[in-house]
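Asker: Sharing a structure here in structure tokens format.
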Amino acid sequence: MLRRMTRRQKILVLYLADSALDARTIAWSEWDGTGVAEHMAGDADAPPYPTGLAALRDGWRLLQISPLLPHHPGGELTVSYLKYEFLFEKQMHIDD
Amino acid sequence: MTEAALVTSAQMATFVARGFLRFDAVVPDAINAQFLDEAGRVPDAKGEKLRQAYMRLFTENGIPAIAAGTPLAEAYAPQSAAARLLDVPVVRGAIESLVGPGSRFDHHFLHITFPPAFYEGMGAPNVSQHNHQDSTIDTRRAFDVQLFYFPHEVTRDMGGTRFIPGTHLRRVSEAAIARYQNVLGQQHVVCPPGTVILMHHGMWHGGGVNRSDRVRYMFKIRLNPTVRQTRLWDTRDLPNDHRMQRPIFFVKEASDPNDVHAILTRPEPWFEADTGRLEYVNRIRLWRHLLGDESFDADYWLTRLENEPA
Numbered sequence: 457m458l459r460r461m462t463r464r465q466k467i468l469v470l471y472l473a474d475s476a477l478d479a480r481t482i483a484w485s486e487w488d489g490t491g492v493a494e495h496m497a498g499d500a501d502a503p504p505y506p507t508g509l510a511a512l513r514d515g516w517r518l519l520q521i522s523p524l525l526p527h528h529p530g531g532e533l534t535v536s537y538l539k540y541e542f543l544f545e546k547q548m549h550i551d552d
Numbered sequence: 003m004t005e006a007a008l009v010t011s012a013q014m015a016t017f018v019a020r021g022f023l024r025f026d027a028v029v030p031d032a033i034n035a036q037f038l039d040e041a042g043r044v045p046d047a048k049g050e051k052l053r054q055a056y057m058r059l060f061t062e063n064g065i066p067a068i069a070a071g072t073p074l075a076e077a078y079a080p081q082s083a084a085a086r087l088l089d090v091p092v093v094r095g096a097i098e099s100l101v102g103p104g105s106r107f108d109h110h111f112l113h114i115t116f117p118p119a120f121y122e123g124m125g126a127p128n129v130s131q132h133n134h135q136d137s138t139i140d141t142r143r144a145f146d147v148q149l150f151y152f153p154h155e156v157t158r159d160m161g162g163t164r165f166i167p168g169t170h171l172r173r174v175s176e177a178a179i180a181r182y183q184n185v186l187g188q189q190h191v192v193c194p195p196g197t198v199i200l201m202h203h204g205m206w207h208g209g210g211v212n213r214s215d216r217v218r219y220m221f222k223i224r225l226n227p228t229v230r231q232t233r234l235w236d237t238r239d240l241p242n243d244h245r246m247q248r249p250i251f252f253v254k255e256a257s258d259p260n261d262v263h264a265i266l267t268r269p270e271p272w273f274e275a276d277t278g279r280l281e282y283v284n285r286i287r288l289w290r291h292l293l294g295d296e297s298f299d300a301d302y303w304l305t306r307l308e309n310e311p312a
């Protein structure tokens, strides 16, 4: 009997201490499109990977890096959202 | 009315740096019990019946609806649990130190976090609240405080309020930070009965998920200042040399960890390499505002940026 396989994404977002992929992780989020794991705010106090590079070496595909933008005049000293966001995915095959 | 126990300069600097002051078990058991009676017990029901009971409890319990902007001193009936809570010397002293003696009531809310059976009965997922900053983008130097009152013991599995020390000076738009599930250094409130935490209005926070078999209560009151927040605390411990600079980067001995400069330049685990320095800049600016002294600096961060010889 043929098994039908479908692809689902797992998403990992790492926020690093600077713009380099090997900088240390300071915040993180995960979403699991396979439905196996249910991640939510506050569910872990230690990051899944110490750096972005460690995630890369574990098979996560890097999709996007925050651009480095010049600071708005007058707002150079303002702090706001986390700056160094790295978006990863893994594509998982599941039974349809 | 009891005498307020104002906070120290070190506590005030800690509030500026980390955005909160925590007081464990400062509210007497009698007030905690009175508060829970006035709040009303959620009945032992499940699913839709519990939801209906919850809504009824909100409309019928002993916690009053109060108009925004009411002077705090007039907000609660004398001898009510909330009035007695606010009159605990440590609590009143912290409030007066932060927002002054004549603060205004902004709003309050009774947060109830249900155990898993509630969600199973409802067929809804039992998940934590997203991280958020209350209200909306706030560009003021002045600040409100939010009083978090925990009338009963909160264990780790009860999902106590999660917050991220040091995030209060970040200008973000309420739920825009929901994408950040976990941040290094985040805290989950685990506390004995009668614990009060006063937070700067900008603190990133969210309710935890309750995995215990007990209902969790948390009462939050937001307060606005009506006076400029300058030297409202007990400044007797403010050293005369607090404007003096100390060696930076190349140092030969550890400094006093309770020194205001040390407190204002202590990083949080989540600080980015570059914007962590901007956090110091913004802390120093806020401390200047509280001191009423624009010449203050810690570790030269602002002096360097302001040095423009004619």
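Residue numbers (my numbering), protein chains in the order written: chain A, 457 to 552; chain B, 3 to 312. Every residue gets a Cβ at the ideal spot worked out from N, C-alpha and C, and that includes glycine.
#1: With DSSP as the reference, label residue 547 of chain A as helix, strand or coil.
#2: Could you give the DSSP three-state label for residue 115 of chain B: helix, strand or coil?
#3: Where residue 509 of chain A and residue 478 of chain A are concerned, what is the direct C-alpha to C-alpha distance, given to the nearest angstrom?
#4: Starting from the N-terminal side, write out each stretch of the beta strand (DSSP E) that is 3 residues or longer and does not extend beyond the stretch 212-246 of chain B.
#5: Helix, strand or coil: which one does DSSP assign to residue 34 of chain B?
#6: Kindly indicate which residue of B:63, B:230, B:34 and B:28 has the alpha-carbon position closest to the one of residue 42 of chain B.
#7: Quick one: measure Cβ to Cβ for residue 164 of chain B and residue 208 of chain B, integer angstroms, because I've assumed they're closer than 8 Å.
#8: So if I threshold CB-CB distances at 7 Å, which residues from the stretch 281-299 of chain B count as touching chain A?
#9: Identify the contact partners of residue 539 of chain A in chain B, using a Cβ-Cβ distance below 7 Å as the criterion.
#10: Who does residue 65 of chain B pair with in a DSSP beta bridge?
#11: Check whether chain A comes within 8 Å of residue 199 of chain B, counting only Cβ atoms and requiring the distance to be less than that.
#12: In angstroms, rounded to a whole number, what distance separates the CA positions of residue 296 of chain B and residue 288 of chain B?
#13: When Cβ atoms are compared, which residues of the stretch 128-141 of chain B fall closer than 8 Å to chain A?
#14: Quick check: what's the CA-CA separation for residue 178 of chain B versus residue 32 of chain B?
#15: Would you mind listing the beta strand (DSSP E) stretches within the stretch 481-519 of chain A that are 3+ residues and don't spill past its ends, in chain order?
#16: Would you mind telling me which residues of chain A sit closer than 9 Å to residue 182 of chain B, beta carbon to beta carbon, in chain order?
#17: Helix, strand or coil for residue 151 of chain B? Go by DSSP, reduced to three states.
#18: Just checking: is the beta-carbon of residue 173 of chain B within a distance shorter than 8 Å of some beta-carbon in chain A?
#19: Would residue 213 of chain B pass as a contact of residue 190 of chain B if the rule is Cβ separation under 8 Å?
#20: Touch check for the stretch 119-127 of chain B and the stretch 232-249 of chain B: three-plus C-beta pairs under 8 Å?
#21: Report buried or exposed for residue 473 of chain A, applying the criterion of at least 16 other Cβ atoms within 10 angstroms of its Cβ.
#22: Roughly how many angstroms lie between the CA atoms of residue 200 of chain B and residue 23 of chain B, to the nearest whole one?
#23: By the 10 Å Cβ neighbour count, where 16 or more other Cβ atoms means buried, how is residue 468 of chain A classified, buried or exposed?
Answerer: By the coordinates alone:
#1: Reduced to three states, the DSSP call for residue 547 of chain A is strand.
#2: In the structure shown, residue 115 of chain B falls within a strand segment according to DSSP collapsed to helix, strand and coil.
#3: Here the alpha carbons of residue 478 of chain A and residue 509 of chain A stand approximately 5 Å from one another.
#4: The qualifying runs are 218-226.
#5: Correct three-state label for residue 34 of chain B: helix.
#6: It is B:63 whose Cα lies nearest to the Cα of residue 42 of chain B.
#7: Distance from residue 164 of chain B to residue 208 of chain B at the Cβ level is roughly 5 Å; contact confirmed, criterion being Cβ atoms closer than 8 Å.
#8: So the list reads 281, 283 and 284, given in the order they occur along the chain.
#9: Counting only Cβ-Cβ distances below 7 Å, residue 539 of chain A has contacts in chain B at 274 and 277, in chain order.
#10: Residue 65 of chain B is not bridged to any residue.
#11: It does not; no Cβ of chain A falls within 8 Å.
#12: If you draw a straight line from the Cα of residue 296 of chain B to the Cα of residue 288 of chain B, it is about 10 Å long.
#13: Listed in sequence order: 129, 130, 131, 132 and 133.
#14: Rounded to whole angstroms, residue 178 of chain B to residue 32 of chain B spans 40 Å at the Cα level.
#15: Fully enclosed beta strand (DSSP E) runs of 3 or longer: 481-488.
#16: Close to residue 182 of chain B, with beta-carbon spacing below 9 Å, are these residues of chain A in chain order: 469, 471, 483, 484, 485, 497, 537 and 538.
#17: In the displayed model, residue 151 of chain B falls within a strand according to three-state DSSP.
#18: With respect to chain A, the C-beta atom of residue 173 of chain B has a partner C-beta closer than 8 Å.
#19: Not closer than 8 Å, so no.
#20: Touching, no.
#21: Classification of residue 473 of chain A: buried, given that the 10 Å Cβ count is 16 or more.
#22: If you take the alpha carbons of residue 200 of chain B and residue 23 of chain B, they lie about 5 Å apart.
#23: Residue 468 of chain A counts as buried, since at least 16 other C-beta atoms from the protein chains shown sit within 10 angstroms of its C-beta.
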